[in-house]
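Visitor:
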Amino acid sequence: MTAPVRDWQVVLAKFFGALLFYLVLWIPTLLYFLIFHYITGQTAAGSSGAYWGSYLMLLLLGMFYISIGCFASVLTRNQIIAAVISFCVITMHFFSGLITFILTEVSSATRQLLGYFSALEQMGTLSRGEIDTRPIVLYLSLTIVMLGLTYQAFQSRKWRL
Numbered sequence: 452m453t454a455p456v457r458d459w460q461v462v463l464a465k466f467f468g469a470l471l472f473y474l475v476l477w478i479p480t481l482l483y484f485l486i487f488h489y490i491t492g493q494t495a496a497g498s499s500g501a502y503w504g505s506y507l508m509l510l511l512l513g514m515f516y517i518s519i520g521c522f523a524s525v526l527t528r529n530q531i532i533a534a535v536i537s538f539c540v541i542t543m544h545f546f547s548g549l550i551t552f553i554l555t556e557v558s559s560a561t562r563q564l565l566g567y568f569s570a571l572e573q574m575g576t577l578s579r580g581e582i583d584t585r586p587i588v589l590y591l592s593l594t595i596v597m598l599g600l601t602y603q604a605f606q607s608r609k610w611r612l
């Protein structure tokens, strides 16, 4: 790169640009609450904690998955290959909790570990309105780790010719 921009600025700009686009996609869903209130004159049925917990989990998962996509895109120059890598890793993470149902020979410790990392299990907890800090810390940490790996891989491009 010949631009006077540091590598970490490129990584963070790519991440936050994709995150902003992701968040803009969710804005119309917030309008559903207003439309429901306008039509019925009532607040939305259900617990508002469950709604905000679900939005929080979608934000955390989105941040983690975007960081995976940033990492995959820095590994290769081909966008299609980066998309396939991202899709495979994200799919494996998302369905990791279901592996325990498919494979019956898995030990109980492995089941607990896969269940803890399962996005479906974490989503179920937060969508009930139960704010547990473990998935918040987990996905923020994984996002930071993936962005750090992205930065390291981006810096290693200087040494490859």
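The opening position of the sequence shown corresponds to residue 452 in this note's numbering, with each subsequent residue numbered one higher.
For every residue, glycine included, the Cβ atom is placed at its ideal position computed from N, Cα and C.
Here the structure is a predicted model, which is why all the values come from computation and not from measurement.
1) Hey, D458 and Q573: beta-carbon distance below 9 Å or not?
2) Is there a Cβ from chain C that is less than 9 Å from the Cβ of Q563?
3) Which of the three DSSP states is assigned to A533 in this structure?
4) So, at 7 Å on beta carbons, what are the nonlocal neighbours of M514 in its own chain, with the 5 sequence-adjacent residues on each side left out?
5) When you compare only the Cα positions, how much space is there between A454 and M597?
6) Is the Cβ-Cβ distance between V525 and R585 less than 9 Å?
7) Residue range of the alpha helix (DSSP H) that L463 falls in?
8) Indicate the three-state DSSP secondary structure (helix, strand or coil) for I595 in the structure shown.
Guide: The short version:
1) no
2) No chain C appears in the structure shown, which is made up of a single protein chain.
3) helix
4) Excluding sequence neighbours, M514 sits near L470, Y590 and T594.
5) 24 Å
6) No, the pair does not count as a contact, with Cβ atoms beyond the cut-off.
7) D458 to T491
8) When DSSP states are grouped into helix, strand and coil, I595 belongs to the helix group.
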